[in-house]
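Worksheet: one structure, shown below.
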Amino acid sequence: MGAPWSESYKPKTLQELVGNYDSAEELLKWVKESIAGRADKKAALVCGPPGTGKTLAVNLIADALNLELIEMNASDFRTEEAVERVAGGATLQGSLLGKKGKLIFFDELDGISGKEDRGGLGAIMRIIKESKYPVVLAANDPWDPRFRQLRDVCQMIKFKRIRAPSIVVRLRRIAQLAGVSVEDEALKKIAEAANGDMRAAVNDLQMLAEGKKILRAADVGRLYSRTQEMGIFDVMKEIFSANTIMEARAAAESASVDLEMLLQWINENIPNQYNDPRERAEAYDWFSKADIFMNRVKRRQMWDLISYAVELAVGGAALARRGPYRFTKYSFPTRIGILSQSKETRGKLMEEYMTLAKELHTSVKKVRTEYLPYIEILDEAGQRPFFRSVGSSRESGG
Amino acid sequence: MFKAVLADSRIWRNIIESISTLVEEGVFIADPTGIRLRAMDPSRVAMVDMELPKTSFESYECAEEMPIGVNFDDMKNIMKRAGVNEKLELEKLEKEARLKIRFRGKTSRTFSLPLLDLGKEELSVPRISFLATVKLPAATLMDAIKDAEVVSDFVKITAEDEKLKVTASGDRGEVEVEITKDSGELLSIELKENAHALYSLTYLSKMMVASDLSDIAILMFSTDMPLRLDFNLPNGGRIVYYLAPRMEAE
Chain A
1 MGAPWSESYK
11 PKTLQELVGN
21 YDSAEELLKW
31 VKESIAGRAD
41 KKAALVCGPP
51 GTGKTLAVNL
61 IADALNLELI
71 EMNASDFRTE
81 EAVERVAGGA
91 TLQGSLLGKK
101 GKLIFFDELD
111 GISGKEDRGG
121 LGAIMRIIKE
131 SKYPVVLAAN
141 DPWDPRFRQL
151 RDVCQMIKFK
161 RIRAPSIVVR
171 LRRIAQLAGV
181 SVEDEALKKI
191 AEAANGDMRA
201 AVNDLQMLAE
211 GKKILRAADV
221 GRLYSRTQEM
231 GIFDVMKEIF
241 SANTIMEARA
251 AAESASVDLE
261 MLLQWINENI
271 PNQYNDPRER
281 AEAYDWFSKA
291 DIFMNRVKRR
301 QMWDLISYAV
311 ELAVGGAALA
321 RRGPYRFTKY
331 SFPTRIGILS
341 QSKETRGKLM
351 EEYMTLAKEL
361 HTSVKKVRTE
371 YLPYIEILDE
381 AGQRPFFRSV
391 GSSRESGG
Chain B
399 MFKAVLADSR
409 IWRNIIESIS
419 TLVEEGVFIA
429 DPTGIRLRAM
439 DPSRVAMVDM
449 ELPKTSFESY
459 ECAEEMPIGV
469 NFDDMKNIMK
479 RAGVNEKLEL
489 EKLEKEARLK
499 IRFRGKTSRT
509 FSLPLLDLGK
519 EELSVPRISF
529 LATVKLPAAT
539 LMDAIKDAEV
549 VSDFVKITAE
559 DEKLKVTASG
569 DRGEVEVEIT
579 KDSGELLSIE
589 LKENAHALYS
599 LTYLSKMMVA
609 SDLSDIAILM
619 FSTDMPLRLD
629 FNLPNGGRIV
639 YYLAPRMEAE
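One line per chain: the protein sequences are A and B, in this order. For the first sequence, the tail end lands on 398 under my numbering, and the numbers increase by one without skipping. For the second sequence, the tail end lands on 648 under my numbering, and the numbers increase by one without skipping.
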């Protein structure tokens with residue numbers, strides 16, 4: 001197989017872009033304003049599902065405006081140092097090749113992993129603040145909690161799934177360039193199976209048509225349909241507005257977050273959705289039953305039980321409703337934020353429990369449940385000769 | 399097939415080090431005339447342009463153009479093993495995606511380096527007419543850069559009145575280095591016009607790694623334009639760096 005068609009038949013100009021013209025136009029406008037120093041936001045966050053032209057649009061805009069594109073993707077910006085070296089270096093110097101300016105582009109932001117790469121995200125924030133050149137970021141899911149700070153400083157530009165008829169037009173053109181004649185029905189099938197992902201459609205076309213003279217609808221057969229992933233806010237709405245358990249479960253299955261995360265979202269948003277205490281009580285009652293199952297799943301690795309947990313949690317959340325569905329602003333689970341904020345404190349406490357456990361020849365669990373209450377009493381009474389060191393660092397640790 | 403023998407393996411070691419300070423991955427092009435490489439650093443602020451002609455080698459065989467894509471960290475680690483008085487053989491067969499690196503001294507040691515398929519980015523060097531061309535001992539330039547690094551992370555280079563001035567200022571103080579013909583340190587200076595520009599010391603000091611290869615540095619620049627820094631190798635061949643100017647602080 002030769003070069004991927006998705007590369008070799010890539011649009012060369014902005015005018016050739018398929019779908020999302022408005023978004024590309026908006027981004028172009030923002031880049032121009034940013035260069036002129038008139039943009040409201042310091043950076044632009046281009047977001048949308050894969051294969052909708054985000055990276056391509058940024059590349060074409062850099063070409064169109066004769067800007068030097070400084071591109072980094074997730075594997076390059078894992079560490080603060082790497083971001084500083086590439087983007088940091090680029091923001092301070094002029095252009096070597098005589099371009100009119102630069103465009104700093106952080107692609108595939110989703111690939112950055114939360115904990116280890118925090119330095120990388122911090123460095124990106126700093127570049128956004130200090131850069132003399134426009135900074136553009138791209139991500140599939142802009143609502144990821146890690147990007148909260150970024151969202152505040154970025155103008156959000158959405159790229160939507162590309163409609164099947166538009167994909168068909170482009171596929172027909174590519175087939176023509178590649179010298180394959182393809183039946184319209186076949187193009188339609190490919191386009192529909194791609195579910196708005198242009199790159200996937202082109203790849204499928206290449207896989208089926210390369211080396212052939214004619215591609216018939218019958219050759220296409222059954223393409224594995226790319227299931228549409230829904231954003232978490234849509235999933236919440238679908239779950240809470242469902243009228244049957246089946247509907248709620250279907251919504252849960254199309255969520256792009258993992259199950260535990262989904263349960264956190266439900267947990268957080270039950271009181272947002274329901275004002276009536278009876279509704280809340282019922283939703284939480286079912287949710288608590290789901291939680292028992294989840295615990296079994298985790299403790300005993302009994303994965304068979306997971307479907308019960310899903311049905312109880314989402315079904316309960318949906319069927320607790322006593323009136324018509326009410327539009328609700330869903331919020332991000334606070335538990336995750338609290339856990340990450342208290343991580344250091346919890347770590348310190350754990351260290352102290354372990355020291356005590358060693359001194360007292362007992363288990364950490366015993367220290368926590370049996371000794372700690374007494375230590376607290378001793379602390380309060382100001383009598384802590386024995387635990388002075390531990391007691392004092394406990395206070396500073398919060 | 400490509401096969402080249404260098405009399406002194408340390409030359410190749412120094413070349414690799416000079417490239418690897420700026421570039422992580424790059425493609426050497428071997429053709430019947432010699433080996434060359436042109437690459438930009440990831441921030442696209444600096445460029446290195448290396449060529450080593452056929453005549454620099456003890457023997458050289460290459461029938462047709464052959465790209466050799468390497469990871470410079472890996473190659474550098476291999477080249478660190480180069481011993482004194484060891485010859486170096488580089489060999490690549492047509493179909494193999496590996497480069498054989500052989501040290502021949504008291505023993506024969508062969509490393510096999512997996513090559514990368516990097517595709518070709520055709521880079522052209524910046525087209526600039528330079529107003530100032532200054533030739534000076536590499537060690538003198540190195541000293542000036544090290545002096546400047548004490549107080550700042552960028553430097554102002556000025557050429558005027560048959561003098562080269564390297565100045566830097568920052569929160570940590572100020573420094574001025576004057577290099578004149580009288581001291582014998584300025585080998586030659588050609589000025590079409592007086593010129594001055596700011597450059598990042600981070601990049602400049604990385605480029606000075608190549609001073610191991612040549613005693614003399616040739617510095618070319620124009621006001622607020624990119625800089626070019628040449629190191630000519632004693633046995634033919636050269637390493638040329640380009641560096642974009644630092645923008646004036648607002």
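Think of the CB as a built atom: it goes at the ideal place given N, C-alpha and C, for glycine as much as any other residue.
Contacts around residue i, its chain only, beta-carbon distance under 7 Å, and the 5 residues preceding and following it disregarded
i	result
valine 220/A	Ala186, Lys189, Ile190 and Leu208
alanine 557/B	Ala530, Val532, Ile587, Leu589, Asn592 and Ala593
serine 389/A	Residue placement at serine 389/A cannot be trusted, given a pLDDT of 49 that sits under 50; what the coordinates show is reported in the next sentence. Hits under 7 Å: none found.
valine 422/A	Chain A is shown from 1 up to 398; residue 422/A falls before or after that span and cannot be answered.
isoleucine 555/B	Val564, His594, Ala595, Tyr597 and Phe619
glycine 88/A	Ile127
phenylalanine 386/A	For phenylalanine 386/A, the predicted structure reports a pLDDT of 49, less than 50, and the residue's modelled location is therefore unreliable. A value from the coordinates is still provided. None.
leucine 420/B	Asp439, Ala444, Val446 and Lys604
leucine 513/B	Ile466, Gly467, Val468, Ala495, Arg496 and Leu497
arginine 216/A	Glu183 and Ala186
C-alpha gap between residue i and residue j, whole angstroms
i	j	result
serine 457/B	glycine 481/B	20 Å
glycine 51/A	methionine 294/A	35 Å
aspartate 315/A	aspartate 291/A	The question names aspartate, but residue 315/A is glycine in the sequence shown. The straight-line gap from Cα to Cα measures roughly 13 Å.
serine 75/A	asparagine 203/A	24 Å
lysine 366/A	methionine 354/A	11 Å
asparagine 483/B	glycine 101/A	48 Å
glutamate 422/B	alanine 546/B	27 Å
lysine 129/A	proline 49/A	27 Å
valine 548/B	glutamate 492/B	50 Å
arginine 161/A	phenylalanine 77/A	27 Å
glutamine 93/A	asparagine 59/A	21 Å
glutamine 206/A	leucine 56/A	19 Å
alanine 218/A	leucine 171/A	17 Å
tryptophan 410/B	arginine 479/B	12 Å
phenylalanine 528/B	glycine 503/B	44 Å
proline 11/A	isoleucine 266/A	42 Å
aspartate 63/A	leucine 521/B	16 Å
arginine 394/A	isoleucine 338/A	Because arginine 394/A sits at a pLDDT of 46, beneath the cut-off of 50, its placement in the model cannot be relied upon, and the following sentence gives the value as read from the coordinates. Using only the alpha carbons, I get a separation of about 19 Å.
lysine 289/A	aspartate 276/A	20 Å
valine 235/A	glutamate 80/A	34 Å
lysine 561/B	leucine 584/B	8 Å
CB of residue i within 9 Å of CB of residue j, strictly
i	j	result
lysine 54/A	alanine 164/A	no
glutamate 33/A	alanine 24/A	no
glutamate 71/A	aspartate 107/A	yes
glutamine 273/A	threonine 328/A	yes
alanine 175/A	serine 181/A	yes
alanine 608/B	asparagine 412/B	yes
lysine 490/B	methionine 448/B	no
leucine 599/B	aspartate 551/B	yes
leucine 653/B	glycine 424/B	Residue numbering for chain B in the displayed model covers 399 to 648; residue 653/B lies beyond these limits and cannot be assessed.
glycine 231/A	aspartate 110/A	no
leucine 96/A	alanine 642/B	yes
glutamate 279/A	alanine 252/A	no
Beta-carbon proximity list for residue i, same chain, < 8 Å, skipping 5 on both sides
i	result
isoleucine 157/A	Ser23, Glu26, Leu27, Trp30, Ala44, Leu45, Val46 and Cys47
methionine 125/A	Gln149, Leu150 and Val153
serine 392/A	Note on serine 392/A: pLDDT 45, under 50, position unreliable in the model; the coordinate value appears next. Taken in chain order, the list of residues that qualify is empty.
Sequence-distant residues of the same chain with beta carbon closer than 6 Å to residue i, five excluded per side
i	result
alanine 248/A	Ile239, Ala242, Val314, Gly315 and Ala318
serine 8/A	none
Chain D within 9 Å of residue i, Cβ atoms only
i	result
threonine 600/B	The structure shown contains no chain D; its protein chains are A and B.
If we count Cβ pairs, one from each stretch, closer than 8 Å, do we get three or more for the stretch 359–376 of chain A versus the stretch 441–456 of chain B? No: the two stretches stay apart, fewer than three of their Cβ pairs being nearer than 8 Å.
Does the stretch 487–497 of chain B come close enough to the stretch 454–473 of chain B that 3 or more CB-CB pairs lie under 8 Å? Judged by Cβ distances under 8 Å, the stretch 454–473 of chain B makes contact with the stretch 487–497 of chain B, as three or more pairs qualify.
Is the number of C-beta pairs between the stretch 449–465 of chain B and the stretch 399–410 of chain B that are closer than 8 Å three or more? Contact between the stretch 449–465 of chain B and the stretch 399–410 of chain B is established, with three or more Cβ pairs separated by less than 8 Å.
Counting beta carbon pairs with one atom in the stretch 573–593 of chain B and one in the stretch 517–537 of chain B, are three or more of them shorter than 8 Å? Because the criterion of three Cβ pairs below 8 Å is met, the stretch 517–537 of chain B and the stretch 573–593 of chain B touch.
Mind listing which residues of the stretch 114–145 of chain A have their C-beta closer than 8 Å to chain B's C-betas, in chain order? Residues of the stretch 114–145 of chain A with a Cβ closer than 8 Å to any Cβ of chain B, in chain order: Lys132.
Taking contact to mean at least 3 C-beta pairs separated by less than 8 Å, is the stretch 629–644 of chain B in contact with the stretch 128–137 of chain A? Contact between the stretch 629–644 of chain B and the stretch 128–137 of chain A is absent, because fewer than three Cβ pairs lie under 8 Å.
Contact set between the stretch 422–456 of chain B and chain A, restricted to residues whose Cβ is under 8 Å from the partner: So the close ones are Met438, Asp439, Pro440, Ser441, Arg442, Val443, Ala444 and Met445.
Along the stretch 515–543 of chain B, what residues have a CB closer than 7 Å to any CB found in chain A? So the list reads Pro524, given in the order they occur along the chain.
Relative to chain B, which residues along the stretch 87–100 of chain A have a C-beta separation below 8 Å, given in chain order? For the stretch 87–100 of chain A, the residues whose beta carbon sits under 8 Å from a beta carbon of chain B are, in order, Ala87, Gly88, Gly89, Ala90, Leu92, Gln93, Gly94, Ser95, Leu96, Leu97 and Gly98.
Contacting positions in the stretch 619–645 of chain B - beta carbon closer than 8 Å to chain A: Answer set for the stretch 619–645 of chain B: Asp622, Pro624, Tyr640, Leu641, Ala642, Pro643, Arg644 and Met645.
Mind listing which residues of the stretch 323–337 of chain A have their C-beta closer than 8 Å to chain B's C-betas, in chain order? With the criterion set as a beta carbon lying under 8 Å from some beta carbon of chain B, the stretch 323–337 of chain A has no members that meet it.
Proximal residues, the stretch 61–72 of chain A versus chain B, C-beta separation under 7 Å: Within the stretch 61–72 of chain A, the residues whose Cβ lies closer than 7 Å to some Cβ of chain B are Glu68 and Ile70, listed in chain order.
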